[in-house]
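Novice: Residue numbers (the numbering used here), protein chains in the order written: chain A, 1036 to 1660; chain B, 43 to 253.
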Amino acid sequence: MTQLWNFGGGVHPPENKSQSNNRPIRPADLPAKLILPLQQHIGEPARCIVAPGQKVLKGEVIAQVDNGMGVPVHAPTSGIIERISLEPVPHPSGMSDTCVVLIPDGEERWCALVPQPEYRKLGRDQVLVLIRQAGIVGLGGAGFPTNIKLRPSVDRKVDTLILNGAECEPYITADDMTMREKAAQVMAGLRVMAWLLRPARVVIGIEENKPEAIAALRQAAEGSKTEIAVIPTIYPSGGEKQLIQILTGQEVPSGGIPADIGVMCQNIGTAVAVADAILQGKPLISRVITATGEALAEPGNFEVLVGTPTSHLLTCAGVDKQRMSRLVLGGPMMGYTVQDLNIPLVKASNCILAPTEQELPTPPPAQACIRCGMCAEACPMELLPQQLFWHAKATEFEKAEHLNLFDCIECGVCSYVCPSSIPLVQYYRFAKGEIRLQRAEQQKSDRARVRFEARQQRLDREQQEKDQRRKDRALAAAKAQEQKTAEAQTMVQNGTVSDERAGKSALVAQALARKKAKTTAASADTAPAETFAPENTGKTPAAETAPNIEELEQQLTQAQAKLEKMQSMLEDAHSGQAPNVDKLERAVDKNIERVRCSQQAIDDLQKQAVPANRNAEPALSRSND
Amino acid sequence: MWTSIIIAVAVLLGLAAVFGALLGFAAERFKVEGNPLVDQIDALLPQTQCGQCGFPGCRPYAEAINNGEAINKCPPGGEATINALADLLDVEPQPLDAEHGAAQAKRVAVIREDECIGCTKCIQACPVDAILGAAKHMHTVIESECTGCDLCLEPCPVDCIDMIVIEPDIRSWTWATPVELDKAPNEVPSFTDARVIVTDSQAEAREASLL
């Protein structure tokens, strides 16, 4: 006898299972069209790989997931792809999503299947790939890709593998009937999973209200080490965390997953799908769905192709639309009402409930909370539903989060026991959604901040670079100016050119230098005592300056004399109408200029005195040579 | 008598020295760099960098708030941001200052690409580098990075940028608050809300469990 533990809280709602579990599983008729949502799993939506008008075979892949989390979608029967369009999908929002619409041809022609009865000879990774390719997700409702869940993790060894046959939600009997009728397949699938995970212990947990299923599985498990644990009937014993607590006495840590404590839960339906995929090569194209409620003449369980419109299954079960007050997808505790009867049934659908108004009345208006505390007593996660309710209502999400809002499994127990009919779970769903939205926005704004700051930095850097370039240019210009000034000063020392004329070309400078050399030579002839040799380095700067000025003065007087002579010649020429007037005029101008330059040079030299003299010396020496 | 006074003084001096050293060490060891309050304020702002507050970006506004600027000048953040800032700074929340614009639904810029002349003016205006393009080539907005700040609208010489309100799709949808549902009781609630299964026999059972 397996040792069992308890979890806190829980309720005993009326089971209402007998309506649907006294008929065998019937295959649903082939519907006129199948609507296959591209996203029936958690992760990336699959990419459609078929085109409208294309013929597909039963079991053929019609949508693939290239990278990231996700599983492919298969054609549930042979037929023609009608369109790929937005269709309403089973979702509490009632919104549409991309779907492939398939018109069955009724031939039910299978594509080639590759059974792997000898899967143990393959690698574990290969088997996981087969499970992925078969499009298997957890059939309990969340739709988590099974191959990812079954991947043996290095740091988290799974010690206990639990097969969840509790099926605690009222009305639903899909797992019950599956265990009764497909016990061998359940065991086969369980063996594949156990082989993949190599756990120390394998348990199937079944609520005691399913004696036939218990008997069938006991028979199928005969001789194996698999434990069949019969657990007390209490809602929500089938919740993953609750079942783990019942069977192992351990609690899954807040925010963690069962693998953190070495446990893994799998659904009965998933085990069957794995067995079909590995042993027969069949992808997940159909599942057992309970159709129940008082508005149905023949409630029961159906083997339904994925993508079957809900209305078709209702017809199969003999719906009386006059009596049906609404359509609930899932069970009465955790399901949601849908408005559109044409939404398809997908891999995660386990029940459709067509109740009469009397059976499932419209909820009475919520009244004020009377703080009775029944919700806190009943909560299987041992949270504080009342406080969570206040905070959610006041949109104080942070405080709600602080009280472990995200540990809420939305089982609906608190709403069920609430004497004021407050839709508590609704508030928690709202709060969770808002918090997720805020987180997403926070992430987005963080990214925007990073981008903004990066841009700001880039602009600053560009500005700096620009400034730097400007500075460099200014510096280069200043240097060039300085050099020119220096050159000009050199010229000045040579007595040939003034500061104002520093910009004159080198040619002019050279010409002037040559001219000056001649002049100097001439002056040397007239006044040899005034010249000095380059060896005269011992002289003081003042001593050098004096003869230099004298020399320049000499040049000046010479130039002036020449100028006077020229001007007189020019006058003669003017009076005599000589042809050389132009030339003479130019010569006079030149001489005027020369005189002016000499005058200027003398002035400058006197002003600049000592340091410029040193520069002048070699130039002078050169010109003397 | 003197000895006891000296002992007492010495003990107190010793204690003062020890604690002084401890405090000095702590002041060095746990020194806080920068102004953490500005960072905290900045983290609460929506980072649209739209400048509607009159400051050139969210960080400058955060710095201004730190220096006493009013907290109600951020239309993109709306009431949520004002409340969060009021919470952080321990001041009274104020209604949004209408002078700086009204709160709007989340929007995203979209360039009508066949009208774009490739002038790159919007690229220079975008505070988060969310517009892609080159001179004389069509530009386009990276939707996931656009903050909806409107800053690209004004510089566009051909007015080819639209601000599109982001509609929630099936993946971004969240449950509505039941308070709103209560306000509109005529609408059929789209949830079962788990107040379940009250056929006659079950109602009795429920009553029994209540007693």
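We put the beta carbon where it would ideally sit given N, CA and C, even for glycine.
Between which residues of its own chain and B:ALA59 is the CB-CB distance below 6 Å, once the five residues before and five after are set aside?
Specialist: Here residue 59 of chain B refers to the residue found at position 17 when the second sequence is read from its first residue. So no residue of the chain qualifies.
Novice: Are three or more beta carbon pairs between the stretch 1336-1353 of chain A and the stretch 1238-1253 of chain A nearer than 8 Å?
Specialist: These segments do not touch.
Novice: If you measure between the beta carbons of B:ILE153 and B:ILE203, is that distance less than 7 Å?
Specialist: To locate residue 153 of chain B, count along the second sequence from 1; it is residue 111. To locate residue 203 of chain B, count along the second sequence from 1; it is residue 161. Cβ distance < 7 Å, so B:ILE153 and B:ILE203 count as in contact.
Novice: Pull up the distance between the alpha-carbon of A:ILE1084 and that of A:ALA1352, whole angstroms please.
Specialist: On the first sequence, position 49 is the one that residue 1084 of chain A refers to. On the first sequence, position 317 is the one that residue 1352 of chain A refers to. Their backbone Cα atoms lie some 34 Å apart in a straight line.
Novice: How would you write the range of the alpha helix (DSSP H) that A:PHE1465 sits in, first residue to last?
Specialist: Within the first sequence, residue 1465 of chain A is the residue found at index 430, counting from 1. Taken as a continuous stretch (DSSP letters only), the alpha helix (DSSP H) holding A:PHE1465 covers 1459-1529.
Novice: Report the option in A:PRO1111, A:ALA1511, A:LEU1252 whose CA atom is closest to the CA atom of A:ALA1218.
Specialist: Position 183 of the first sequence, counted from the start, is the residue given in the question as residue 1218 of chain A. Of the listed residues, the one whose Cα sits closest to A:ALA1218 is A:LEU1252.
Novice: The alpha helix (DSSP H) spanning A:PRO1661 covers which residue range?
Specialist: Residue coverage of chain A in this structure runs from 1036 to 1660, which leaves residue 1661 of chain A outside it and unanswerable.
Novice: Taking the alpha-carbon of A:LEU1092 as reference, which of A:TRP1040, A:CYS1146, A:ILE1060 has the nearest alpha-carbon?
Specialist: Position 57 of the first sequence, counted from the first residue, corresponds to residue 1092 of chain A. Looking at the Cα atoms, A:CYS1146 is the closest of the given residues.
Novice: Restricting to runs no shorter than 3 residues, where is the beta strand (DSSP E) found entirely within the stretch 175-221 of chain B?
Specialist: Whole beta strand (DSSP E) segments, 3+ residues: 203-207.
Novice: Report the neighbours of B:THR123 on chain A: residues whose CB is nearer than 7 Å to its CB, in chain order.
Specialist: By 1-based counting over the second sequence, the position of residue 123 of chain B is 81. Residues of chain A passing the Cβ test: none, with the nearest at roughly 10 Å.
Novice: When you compare each of A:GLY1328, A:ARG1505, A:PRO1420, A:GLN1478 to A:GLU1050 by their alpha carbons, which one comes out closest?
Specialist: To locate residue 1050 of chain A, count along the first sequence from 1; it is residue 15. Considering only alpha carbons, the answer is A:GLY1328.
Novice: Answer with yes or no whether the minimum CB distance from A:PRO1072 to chain B is below 7 Å.
Specialist: Here residue 1072 of chain A refers to the residue found at position 37 when the first sequence is read from its first residue. Not an interface residue.
Novice: Measure the CB-CB distance between A:ILE1077 and A:GLY1178 and report whether it falls below 7 Å.
Specialist: Position 42 of the first sequence, counted from the first residue, corresponds to residue 1077 of chain A. Position 143 of the first sequence, counted from the first residue, corresponds to residue 1178 of chain A. Cβ atoms of A:ILE1077 and A:GLY1178: closer than 7 Å.
Novice: Measuring alpha carbon to alpha carbon, tell me which of B:ASP171, B:GLU155, B:PRO135, B:ILE113 ends up nearest A:PHE1487.
Specialist: What you label residue 1487 of chain A is simply residue 452 of the first sequence in a count that begins at 1. Nearest option by C-alpha distance: B:ASP171.
Novice: Give a yes or no on whether 7 Å exceeds the smallest Cβ distance from A:LEU1472 to chain B.
Specialist: Reading the first sequence from its first residue, position 437 is the one you call residue 1472 of chain A. Output row for A:LEU1472: interface = yes.
Novice: I'd like the list of long-range same chain contacts for B:ALA250, defined as Cβ closer than 8 Å, with 5 residues on each side in sequence excluded.
Specialist: Here residue 250 of chain B refers to the residue found at position 208 of the second sequence. Confidence at B:ALA250 is low in this model, with a pLDDT of 49, below 50, so the placement of that residue should be treated as unreliable; the coordinate-derived value is given next. Excluding residues within five positions, none has a Cβ falling inside 8 Å.
Novice: Residues of chain A with CB under 8 Å from B:GLU111, in chain order?
Specialist: For the purposes of this step, residue 111 of chain B is taken as residue 69 along the second sequence, with counting starting at 1. Correct list: empty, because the minimum Cβ distance to chain A is about 19 Å.
Novice: For the beta strand (DSSP E) containing A:PRO1246, list its first residue and its last residue.
Specialist: On the first sequence, residue 1246 of chain A is found 211 positions in, with the first residue counted as 1. Premise fails: A:PRO1246 lies in the alpha helix (DSSP H), 1246-1255, not in any beta strand (DSSP E).
Novice: Tell me the DSSP secondary structure of A:GLU1095 in three-state form.
Specialist: The residue given as residue 1095 of chain A occupies position 60 in the first sequence. Correct three-state label for A:GLU1095: coil.
Novice: How big is the Cα-Cα spacing for A:GLN1473 and A:LEU1419?
Specialist: Here residue 1473 of chain A refers to the residue found at position 438 of the first sequence. Here residue 1419 of chain A refers to the residue found at position 384 of the first sequence. Straight-line Cα distance between these residues: approximately 23 Å.
Novice: Would you list, in chain order, the members of the stretch 181-193 of chain B that have their beta-carbon closer than 7 Å to a beta-carbon of chain A?
Specialist: Of all residues in the stretch 181-193 of chain B, GLU187, THR189 have a Cβ within less than 7 Å of some Cβ in chain A.
Novice: Is it true that the stretch 49-56 of chain B meets the stretch 83-101 of chain B, where meeting means three or more beta-carbon pairs spaced less than 8 Å apart?
Specialist: The stretch 49-56 of chain B vs the stretch 83-101 of chain B: no contact.
Novice: Is any beta-carbon of chain A found at less than 7 Å from that of B:ASP129?
Specialist: As a position in the second sequence, residue 129 of chain B is number 87, starting the count at 1. Chain A contact via Cβ: absent.
Novice: Within the present structure, is the beta-carbon of A:PRO1246 separated from the nearest heavy atom of the ligand SAM by less than 6 Å?
Specialist: No copy of the ligand SAM occurs in the structure displayed, which carries no ligand at all.
Novice: Assign B:TRP217 to buried or exposed, taking buried as 16 or more other Cβ atoms, counted over all protein chains shown, within 10 Å of its Cβ.
Specialist: Residue numbering aside, residue 217 of chain B sits at position 175 when the second sequence is read from its first letter. So B:TRP217 ends up on the buried side.
Novice: Put A:THR1345 into one of helix, strand or coil per three-state DSSP.
Specialist: Position 310 of the first sequence holds residue 1345 of chain A. The answer is helix: DSSP assigns A:THR1345 an H, G or I state.
Novice: Does the stretch 161-181 of chain B come into contact with the stretch 116-129 of chain B, if we say contact requires no fewer than three beta-carbon pairs (one atom in each stretch) closer than 8 Å?
Specialist: No, the stretch 161-181 of chain B is not in contact with the stretch 116-129 of chain B.
Novice: Here's the rule: buried if 16 or more other CB atoms are within 10 angstroms of the residue's CB, otherwise exposed. What is A:LYS1514?
Specialist: For this step, residue 1514 of chain A is matched to residue 479 along the first sequence. It counts as exposed.
Novice: Out of A:ILE1183, A:ILE1138, A:PRO1139, state which residue places its alpha-carbon closest to the alpha-carbon of A:ASN1102.
Specialist: Indexing the first sequence from 1 puts residue 1102 of chain A at position 67. Per the Cα distances, A:ILE1183.
Novice: Check the Cβ-Cβ distances between B:GLN262 and every residue of chain A, and say whether any is below 7 Å.
Specialist: Not covered by the structure: residue 262 of chain B. The range shown for chain B is 43 to 253.
Novice: Only counting the same chain, and skipping five residues up and downstream in sequence, which positions put a Cβ closer than 7 Å to that of B:ASP192?
Specialist: As a working note, residue 192 of chain B is residue 150 in the second sequence. The residues are CYS92, MET205.
Novice: Just to confirm, is the Cβ distance from B:PRO117 to B:THR90 under 7 Å?
Specialist: Here residue 117 of chain B refers to the residue found at position 75 of the second sequence. Here residue 90 of chain B refers to the residue found at position 48 of the second sequence. No. Outside cutoff.
Novice: Which chain A residues sit within Cβ distance under 7 Å of B:PRO78?
Specialist: The sequence position of residue 78 of chain B within the second sequence is 36, counting from 1. None at all; the shortest Cβ gap to chain A is about 16 Å.
Novice: Mind pulling the chain B residues with CB within less than 8 Å of A:TYR1462?
Specialist: Here residue 1462 of chain A corresponds to residue number 427 of the first sequence, with the count starting at 1. In chain order: THR219, PRO220.
Novice: Taking Cβ positions, are A:CYS1414 and A:CYS1449 nearer each other than 7 Å?
Specialist: As a first step, residue 1414 of chain A is located in the first sequence; it is residue number 379 there, counting from the start. As a first step, residue 1449 of chain A is located in the first sequence; it is residue number 414 there, counting from the start. For A:CYS1414 and A:CYS1449, yes; Cβs fall inside 7 Å.
Novice: Once DSSP output is grouped into helix, strand and coil, what is the label at A:ASN1199?
Specialist: Position 164 of the first sequence, counted from the first residue, corresponds to residue 1199 of chain A. Here A:ASN1199 sits in strand by DSSP.
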